[in-house]
Every structure is written in structure tokens, then in C-alpha cells.
Amino acid sequence: MAAITAAMVGELRAKTDAPMMECKKALTEADGDMARAEEILRVKLGNKASKAASRVTAEGVVAAYISGGVGALVEVNCETDFVTKNDDFIALANEVAKLVAEKNPADIEALSALPLNGKTVEEVRAALVGKIGENMSIRRFKRYETKSKLVSYLHGSRIGVMVEFEGADDQVGKDVAMHVAAMKPVALSSQDVPADLIEKERSIATQKAAESGKPADIVAKMVEGSVQKYLKEVSLLDQPFVKNDKQTVGQMLKSANASVKSFTLFVVGEGIEKRQDDFAAEVAAQVAAAKKG
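What follows is the structure in C-alpha cells.
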């Protein structure tokens, strides 16, 4: 049986907003597996357990660059929010986005080796780390090269979107980009939702439905209904359009004689968890060390 620490309980609570005792019970049942404990809470507590799931604590910025049919979206991370306001850090992110678009590097390693201001990107990054005194890294990027139109939208510096679309009205593309930033779809259509996400929702729906005590055929319908509802909620074309929730994004695009080919959404720190300090344990350790001394 894994030891359940206060830090683990605190981390799960930050992710789910569930009560402390429920978090501890879930972690105990999951034998310390954080992902499984989160799933258990969602089954027991429903949407209350997922309302804070999008919160992230890692810092950084998203930068975008578009020139004609070539564009790039980049996420550059740092340790504190203070550094995200630093002009040199912001400049690095913007320069990296332009480099990705123009040079088409295969991956982060190839990007790091590209020349920038007489040095390599990695040398510029390392020098900035030394100057600011805080670690930073280029986490990910997405490059586009298309005959269609490209548009980007940055919500502050923490959320970035790039949309590849067809249509005479450029405002349509901008509206879709803003919608993506607000509603955070995971796929263009329900057919594009990753299988692992669907299976996770199906597992949760199955566990919830099983607790209802209803006949197997009714349970099966409940599960399928939950999965279909989820697919509509996370698919861009099926989501109610933020500027007019009487129509879906798909319907809005059709009325504007436009279409979206693809999109990319970066949320700073998404999937990254900052180190959670167990201050009680740290203090206890310091006291014990002092006594030994």
C-alpha cells in the first residue's frame, strides 16, 4: 500500500476541488495513483471533481508567427510568472516562433541548434537563464504550411490558438480562433477525438451507470448517451458558438460558406504540474536534523 502524503492530497484537491477527506479516500483506493484517484472522484462526485482540472501551475508564454501560408505556434516555459513579463524572455519566444515557421525544424533538438543572433537557440536560451537566474525551456511547437488561410489568437500570453481555414471572410477565422481559446475543444469533429479520451469517458460513464442499479440494457444506453454528450462537448464543430449559442460552430461556418481544416491550441503549462512542497514534512525534517546536530 502506497503512503498517502499531505502533498498528494493537496495536489489532488487542487486538480479537482473535491473535499480533502474525499481526496484522501480516493488516493487510498487508488493506491497512490493520481490519475486513477481523479477518475474515482469524477465517478463519485461528478462534474464537481473536474471543474478545476484545467488549472495549471507551470509558467511561460505562447507566441505565434504567420507569414502568408506559413505559421507557427510555440510554448516557452519558465519557473515564475515574473519572468513571463521580462522583455528578453518574450523576445526569445517570438524569435523562436519565427524560426520554426521559416526553418521548419524537425523537433526541439533541431530547433535548439538553429542560428539566432550569432549564436544557436540553445546558447541564447542558456545565456538568458544565466542573466535572469531562472530555468526556462522551449516545450513544444506546431508549424503550418498551407495554401489555405491561417489566423492566430493569443489570449494574454498564456493561451494561443492557430486556425487553418477556408472562406472569403477573414473575420470567420478570427472568431473560430477566439472560440477555441474560450471553449478548448480537443478535436475538430467527434470522429477526431482521440480513442484514449473516449475510452476514459466510457469507463467513467460505465462506473456511474452501474451504481444506478438499473437493468443492463438501460445501463448500456446511459453509457452511450454519456459518451455522445462528451463527444459533442469537446468537438469544435459540435460546440455552441460563443458569439451565438443558438448555432453550433459547424452551422456558423456553413452559413458563412467557410470551413476549418485544422486548429492548434496551446495552454501554458497544460499537463505540467509544479512541484508541490510538503512544508510540514520539510519542517519536521529540519527539526530532526537540528536535534541530530
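The C-terminal residue of the sequence shown carries number 293 in this note's numbering, and the numbering is unbroken.
No residue lacks a Cβ here, since even glycine has one placed at the ideal position from N, Cα and C.
Have a look at the options and flag the residue whose alpha-carbon is nearest the alpha-carbon of residue i.
| i | options | result |
| --- | --- | --- |
| Gln207 | Met222, Ala195, Leu197 | Met222 |
| Thr264 | Ala216, Tyr153, Glu201 | Tyr153 |
| Leu128 | Thr248, Ala106, Ala91, Leu99 | Ala91 |
| Leu150 | Arg140, Glu134, Gly156, Asp169 | Asp169 |
| Phe141 | Ala37, Pro19, Met183, Ala97 | Ala97 |
| Val100 | Ser190, Gly118, Glu75, Phe165 | Glu75 |
| Leu116 | Asn135, Ser212, Asn94 | Asn94 |
| Glu145 | Ser262, Leu111, Gly213 | Ser262 |
| Leu197 | Tyr230, Leu237, Asp245, Ala26 | Tyr230 |
| Ser259 | Asp217, Thr80, Gln171, Glu22 | Gln171 |
| Asp87 | Val61, Pro19, Glu164, Glu109 | Val61 |
| Val176 | Ala216, Leu12, Lys243, Gly269 | Lys243 |
| Ile272 | Met183, Ala58, Phe82 | Ala58 |
| His179 | Pro215, Ser235, Glu211 | Ser235 |
| Glu270 | Val9, Ala26, Val186 | Val186 |
| Glu211 | Gly10, Ile40, Met20 | Ile40 |
| Ser190 | Gly250, Ser157, Ile132 | Gly250 |
| Glu79 | Gly32, Ile132, Lys24 | Ile132 |
If you follow the beta strand (DSSP E) that residue i is part of, which residue opens it and which one closes it?
| i | result |
| --- | --- |
| Gln171 | Element bounds for Gln171: not the beta strand (DSSP E) but the alpha helix (DSSP H), 170 to 183. |
| Arg158 | Run containing Arg158: none; DSSP gives neither H nor E here. |
| Leu237 | Careful: Leu237 lies outside any beta strand (DSSP E) and carries neither H nor E. |
| Ile66 | 59 to 67 |
| Val76 | 70 to 78 |
| Asp245 | 244 to 248 |
Based on DSSP bridge pairs, tell me the residues matched to residue i.
| i | result |
| --- | --- |
| Gly120 | A small fix is needed here, since residue 120 is Thr in this sequence, not Gly. Bridge partners of Thr120: Pro115. |
| Asn257 | Beta-bridge pairing links Asn257 to no other residue. |
| Lys208 | None, per the DSSP bridge assignment. |
| Glu302 | What is shown of the chain runs 1 to 293, which leaves residue 302 out entirely. |
| Thr264 | Met162 |
| Lys149 | Phe165 |
Decide if residue i is buried, meaning its Cβ has at least 16 other Cβ atoms within 10 Å, or exposed.
| i | result |
| --- | --- |
| Ala64 | buried |
| Gly68 | exposed |
| Ala2 | exposed |
| Ala52 | In this predicted model, Ala52 has a pLDDT of only 36, less than 50, meaning its place in the structure is not dependable enough to derive any value. |
| Phe89 | buried |
| Glu22 | buried |
| Glu38 | buried |
| Asn47 | The predicted model places Asn47 with a pLDDT of 47, which falls under 50 and marks its position as unreliable; any figure quoted below should be read in that light. Asn47 is exposed by the Cβ-count criterion. |
| Phe82 | exposed |
| Pro105 | buried |
| Lys15 | buried |
| Thr84 | buried |
| Gly294 | Outside the shown range of the chain (1 to 293) lies residue 294, about which nothing can therefore be said. |
| Met20 | exposed |
If I measure Cβ to Cβ from residue i and keep anything under 6 Å in the same chain, skipping five residues before and after, which residues do I get?
| i | result |
| --- | --- |
| Ile159 | Ala181, Val267 |
| Ala209 | Val219, Met222, Val223 |
| Lys174 | Val151 |
| Ser137 | Asn77 |
| Leu188 | Leu236 |
| Lys232 | Asp238 |
Please work out which residues of its chain come closer than 7 Å, Cβ to Cβ, to residue i, disregarding the five sequence neighbours upstream and downstream, and give them in chain order.
| i | result |
| --- | --- |
| Arg36 | Ala30 |
| Val296 | With the chain covering only 1 through 293, there is no way to say anything about residue 296. |
| Thr28 | Ile4 |
| Thr248 | Leu237, Asp238, Gln239, Pro240, Phe241 |
| Lys103 | Leu114 |
| Ile108 | Ile138 |
| Ser157 | Val61, Val62, Thr84 |
| Asp217 | none |
If I follow the unbroken alpha helix (DSSP H) through residue i, where does it start and stop?
| i | result |
| --- | --- |
| Ala97 | 87 to 103 |
| Gln228 | 216 to 234 |
| Glu145 | Unbroken run through Glu145 is the beta strand (DSSP E), 136 to 145; no alpha helix (DSSP H). |
| Glu29 | 20 to 29 |
Does the beta carbon of residue i sit closer than 8 Å to a beta carbon anywhere in chain C?
| i | result |
| --- | --- |
| Asp217 | The structure shown contains no chain C; it holds only a single protein chain. |
So, for residue i: in the same chain, excluding its five sequence neighbours on each side, which residues have a beta-carbon less than 8 Å away from its beta-carbon?
| i | result |
| --- | --- |
| Gly167 | Lys149, Gly173, Leu253, Ala256, Asn257, Ala258, Ser259 |
| Glu164 | Tyr144, Thr146, Ser148, Lys149, Leu150, Val260, Lys261, Ser262, Phe263 |
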